[in-house]
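Following: one structure in structure tokens, then a few remarks.
Numbering (full-length UniProt numbering), first residue to last: 1 to 498.
Here is the structure:
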């Protein structure tokens, strides 16, 4: 009878305590049992000691045991050993391919004037568009032109701004497409900032007009006997437009150039600012940026380039098993480089720029690594772009009675267009792989949202789409670029490594 009562109490324990407290009480009970057994070992015989009690195995969910840190350490160790073996195999097979002197020579060799760096020259020439936008806003503020003309101006300007680098890139032969990617990335950022700058100043002009009308209505109602609710509704609406009071004081060259340099795509009249530049923080971000940039370049040259080059023949001959092997072989270094690039750009570089400008809003990313849906991943891994999409695409469409799905589709379409723009033009090949990959995120987002409903499975799908999708696109673009520059015969005569 006494034994049954002890068993009942033992079984009720998991429902009365949380998993953490149960695990800690279990650890303390182990220690207490050990101490008591040592104290009573001299007074009891071995057969008088109680050996068995009612308890669950640690791997059973009912045990409440949650401390598996040792297995996590084992997983990290196995990951390091397996990837270390692959890295060692790469060095044994190809030797040391890293050539830092060659990287430096690309900057200094035969560059005697600014036009020897055509990409840099194009970036400097973009000041013409910036000054054009500033001049147009000054004209619009004085009321010399209407909003209809402003819409035509901004549409034409953005189209021309995105077309100029395309024409220059396609009509010139450059050995390294990387600098074209950087230049075109700057042009895309500037185009989005032009849209935000024009949009916000349009809101300010519209709000200023409404303020004048509302002040007249409030004054008229105050003089008359009116409904108090109507009066206070007008007062509340008037206060909502007070942000426009800073307009047109914001229309200065220093203001627009600060916005063009700031690590954000959404314009505001006044950004949050730090009181001073933190030198220690600045030095740390600078060292990170330099070191990680060289590390990424080294990994690409040593690990990715040989793998992509040796994948050309299997892709041309459609050897599916060999293609799959190359895809998986490329997945690990590519994903490592992607993670390093994310940290380098979104943490080191953007924080460096923000610190120099004393820009206080440092939310450049959120916990995308915990994303359980594709939708949350795209909302959290690139906050500046997400804020722009919500503020200048999604919300205006919703206010104009478009459906959520239509606005969602347009946001992904714009993102897919710019992904393809930044890849196809520098490589001078138009296969739309990047575009299809981004548009494929729409059904995948619906699956993780509605079918899988997040959770651990959703997080695995998010990571799997990144680990497999990116190297697949790299192989397809690499194959097409290799054939374009070296011909089909070079691929057919290639000796494929193991």
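Backbone N, C-alpha and C define an ideal beta-carbon position, used for all residues, glycine too.
Bear in mind that the values here come from a model prediction, so they are computed numbers and not experimental data.
Report the residue from the options whose alpha carbon sits nearest the alpha carbon of residue i.
i, options, result
"residue 86", "460, 344, 438 and 299", "299"
"residue 162", "188, 440 and 394", "188"
"residue 186", "126, 206 and 410", "126"
"residue 193", "166, 387 and 402", "387"
"residue 344", "359, 292, 380 and 303", "292"
"residue 430", "263, 297, 481 and 117", "481"
"residue 159", "484, 195 and 247", "195"
"residue 485", "81, 201 and 174", "174"
"residue 247", "483, 157 and 137", "137"
"residue 197", "56, 330, 130 and 379", "130"
"residue 339", "296, 465 and 327", "296"
"residue 270", "65, 249 and 290", "249"
"residue 373", "419, 463, 164 and 81", "463"
"residue 432", "450, 413 and 382", "413"
"residue 409", "376, 377, 445 and 399", "445"
"residue 434", "320, 415 and 449", "415"
"residue 578", "68, 273 and 478", "The structure shown does not extend to residue 578, since the chain is modelled only from 1 through 498, so no value can be given for it."
"residue 448", "407, 371, 395 and 48", "371"
Specify, as a first and last residue, the run of the alpha helix (DSSP H) that residue i falls within.
i, result
"residue 378", "374 to 380"
"residue 257", "253 to 261"
"residue 64", "From DSSP, residue 64 is part of no alpha helix (DSSP H); its letter is neither H nor E."
"residue 450", "Looking at the DSSP string, residue 450 is not in any alpha helix (DSSP H), and its letter there is neither H nor E."
"residue 151", "147 to 171"
"residue 87", "69 to 94"
"residue 134", "127 to 141"
"residue 445", "441 to 446"
According to DSSP, residue i sits in a beta bridge with which residue or residues?
i, result
"residue 273", "359"
For the ligand NAD, is there any heavy atom lying closer than 8 Å to the beta carbon of residue i?
i, result
"residue 99", "Questions concerning the ligand NAD fall outside what the structure shown contains, since it holds no ligand whatsoever."
If you measure from the beta carbon of residue i to each beta carbon in chain C, is any gap under 9 Å?
i, result
"residue 205", "Included in the structure is just one protein chain, with no chain C present."
Could I get the ranges of all uninterrupted alpha helix (DSSP H) runs contained in the stretch 381 to 438, with 4 residues as the minimum, in chain order?
Those alpha helix (DSSP H) runs which fall completely within the stretch 381 to 438 and span 4+ residues are 383 to 389, 395 to 399 and 404 to 427.
Given 8 Å as the limit, is there contact between the stretch 174 to 185 and the stretch 407 to 426, that is, 3 or more CB pairs closer than that?
With the cut-off at 8 Å, the stretch 174 to 185 and the stretch 407 to 426 touch.
To test your reading of the DSSP string, which unbroken alpha helix (DSSP H) runs of 4 or more residues are found completely within the stretch 282 to 367?
Counting only runs of 4+ residues, the alpha helix (DSSP H) found wholly inside the stretch 282 to 367 occupies 305 to 309, 312 to 316, 320 to 342 and 350 to 357, in chain order.
Does the stretch 326 to 341 come close enough to the stretch 470 to 487 to have 3 or more Cβ pairs within less than 8 Å?
With the cut-off at 8 Å, the stretch 326 to 341 and the stretch 470 to 487 touch.
Within the chosen definition, does the stretch 441 to 449 reach the stretch 347 to 364 through at least 3 CB pairs nearer than 8 Å?
Because the criterion of three Cβ pairs below 8 Å is not met, the stretch 441 to 449 and the stretch 347 to 364 do not touch.
Below 8 Å, can you find three or more Cβ-Cβ pairs linking the stretch 353 to 362 to the stretch 267 to 277?
Yes, since at least three Cβ pairs between the stretch 353 to 362 and the stretch 267 to 277 fall closer than 8 Å, the two stretches touch.
Check whether the stretch 163 to 177 touches the stretch 115 to 124, taking contact to mean three or more Cβ pairs, one atom from each stretch, closer than 8 Å.
Because the criterion of three Cβ pairs below 8 Å is met, the stretch 163 to 177 and the stretch 115 to 124 touch.
Does the stretch 260 to 271 come close enough to the stretch 376 to 396 to have 3 or more Cβ pairs within less than 8 Å?
Short answer: they touch.
Any chance the stretch 296 to 316 sits against the stretch 92 to 100, with 3 or more Cβ pairs inside 8 Å?
In this structure the stretch 296 to 316 touches the stretch 92 to 100; the number of beta carbon pairs closer than 8 Å is three or more.
Could you check whether the stretch 313 to 330 touches the stretch 244 to 262, counting it as contact only if at least three pairs of C-beta atoms, one from each stretch, sit closer than 8 Å?
Here the stretch 313 to 330 makes no contact with the stretch 244 to 262; the two share fewer than three CB pairs at distances below 8 Å.
Sufficient close CB pairs (3 or more, under 8 Å) joining the stretch 459 to 470 to the stretch 198 to 211
Contact between the stretch 459 to 470 and the stretch 198 to 211 is not established, with fewer than three Cβ pairs separated by less than 8 Å.
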